[in-house]
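To keep things clear, I will list the structure first and then write my remarks on it.
Printed below as a string of structure tokens:
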């Protein structure tokens, strides 16, 4: 159990570092997303054979429609997030991205028929106030348009929220059986766009970009996803919900230490409101789920 927690912490820090890698790769966001989808899906397919956990078409087939739709959303989600990294700070992009659970909470009564409790309403209002703080700070991004970066970050959050909702409708599939097709469909969805915009000539990349692309695909996606999903089988939902917030916190710390990116006082308040509200709502949700299971 202790080893699993340590592994999950390291994976969350790894996920938090992806913005640093993306920023250093001399490719378009769509090219990075395409490479990540292809390399990540190949790694997970190999892992399924090594771990003797073969993918079952019989279980995948009934969920194919959802897997295709969510896979396309994943591809677009990556492109939007990677674009956000280019136009604003990694910290701001990450905080905007973590607005996704708030969107899910807001839509749950309509789509998932879940009751909107008082705690959830307070969390939604706090997160919305936090987003106002984030977006009312003027130009502070690495690119020429900080607000465009925020827009991309919120767009990524909307797509991530749609993925979270769609995943709730998957039935009788393992994590590998859902993730491998999703990554594959993500790559297939991005491929026409990349080809239309000049293709993807690996030979034109410098050696550093090639190495970083491989790291993002193999380490951040293949190995990272494998360890992350493995933790689901050994740790409680409450623990995973708590540990998942190491990702944005580490992203903020790493971008501050390594890239010297700074946040204004108002942005810090906004970040605390967004991450704090989603953290509380996730703990509340997972704790309630565990109580229902025990009953």
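Residue numbers (my numbering): 166 to 460.
For each residue, glycine too, the CB sits at the ideal point set by N, CA and C.
With 16 other Cβ atoms within 10 Å as the buried cut-off, status of residue i
| i | result |
| --- | --- |
| residue 342 | buried |
| residue 196 | buried |
| residue 363 | exposed |
| residue 242 | buried |
| residue 264 | buried |
| residue 244 | buried |
| residue 184 | buried |
| residue 251 | buried |
| residue 221 | exposed |
| residue 416 | buried |
| residue 426 | buried |
| residue 406 | buried |
| residue 338 | buried |
| residue 232 | buried |
| residue 286 | exposed |
| residue 378 | buried |
Residue i, DSSP secondary structure in three states
| i | result |
| --- | --- |
| residue 166 | coil |
| residue 219 | coil |
| residue 344 | helix |
| residue 192 | coil |
| residue 285 | helix |
| residue 447 | helix |
| residue 248 | helix |
| residue 178 | helix |
| residue 263 | coil |
| residue 412 | helix |
| residue 270 | helix |
| residue 373 | helix |
| residue 310 | coil |
| residue 253 | coil |
| residue 242 | helix |
| residue 280 | coil |
| residue 457 | Any reading at residue 457 needs caution, since the residue's pLDDT is 49, under 50, leaving its predicted position unreliable; the model's value is listed next. In the structure shown, residue 457 sits in a helix (DSSP, three-state: H, G or I). |
| residue 361 | helix |
| residue 338 | coil |
| residue 429 | coil |
| residue 400 | coil |
| residue 301 | coil |
| residue 333 | coil |
| residue 366 | coil |
Inter-residue CB distance, residue i and residue j (contact presumed, cutoff 8 Å)
| i | j | result |
| --- | --- | --- |
| residue 209 | residue 348 | 7 Å |
| residue 352 | residue 206 | 7 Å |
| residue 201 | residue 381 | 5 Å |
| residue 420 | residue 254 | 6 Å |
| residue 461 | residue 187 | Outside the displayed span of the chain (166 to 460) sits residue 461, for which this structure offers no information. |
| residue 174 | residue 408 | 6 Å |
| residue 374 | residue 190 | 5 Å |
| residue 370 | residue 192 | 7 Å |
Same chain, Cβ closer than 6 Å to residue i, five either side skipped, listed in chain order
| i | result |
| --- | --- |
| residue 274 | 281 |
| residue 300 | 315 |
| residue 358 | 195 |
| residue 449 | 284 |
Sequence-distant residues of the same chain with beta carbon closer than 7 Å to residue i, five excluded per side
| i | result |
| --- | --- |
| residue 268 | 322, 323 and 326 |
| residue 432 | 257, 298, 299 and 302 |
| residue 261 | 249, 299, 315, 318, 319 and 322 |
| residue 458 | Any reading at residue 458 must be qualified, since the residue scores a pLDDT of 43, below 50, and its modelled position is unreliable; no value is offered. |
| residue 354 | 236, 237 and 240 |
| residue 169 | 396, 399 and 400 |
| residue 413 | 181, 259, 260, 263 and 440 |
| residue 296 | 264, 435 and 439 |
Contacts around residue i, its chain only, beta-carbon distance under 8 Å, and the 5 residues preceding and following it disregarded
| i | result |
| --- | --- |
| residue 292 | 264, 267, 438, 439, 442 and 443 |
| residue 329 | 265, 266 and 269 |
| residue 356 | 199 |
| residue 411 | 174, 177, 178 and 181 |
| residue 367 | 375 |
Contact with chain D by residue i, beta-carbon distance below 8 Å
| i | result |
| --- | --- |
| residue 282 | Among the chains of the structure shown, chain D does not appear; only one protein chain is present. |
Given 8 Å, three or more beta-carbon pairs between the stretch 331 to 349 and the stretch 219 to 239: yes
Validate contact between the stretch 278 to 293 and the stretch 384 to 394 using beta carbons, cut 8 Å, 3 pairs: no
At least three beta-carbon pairs within less than 8 Å, the stretch 173 to 183 to the stretch 369 to 385: yes
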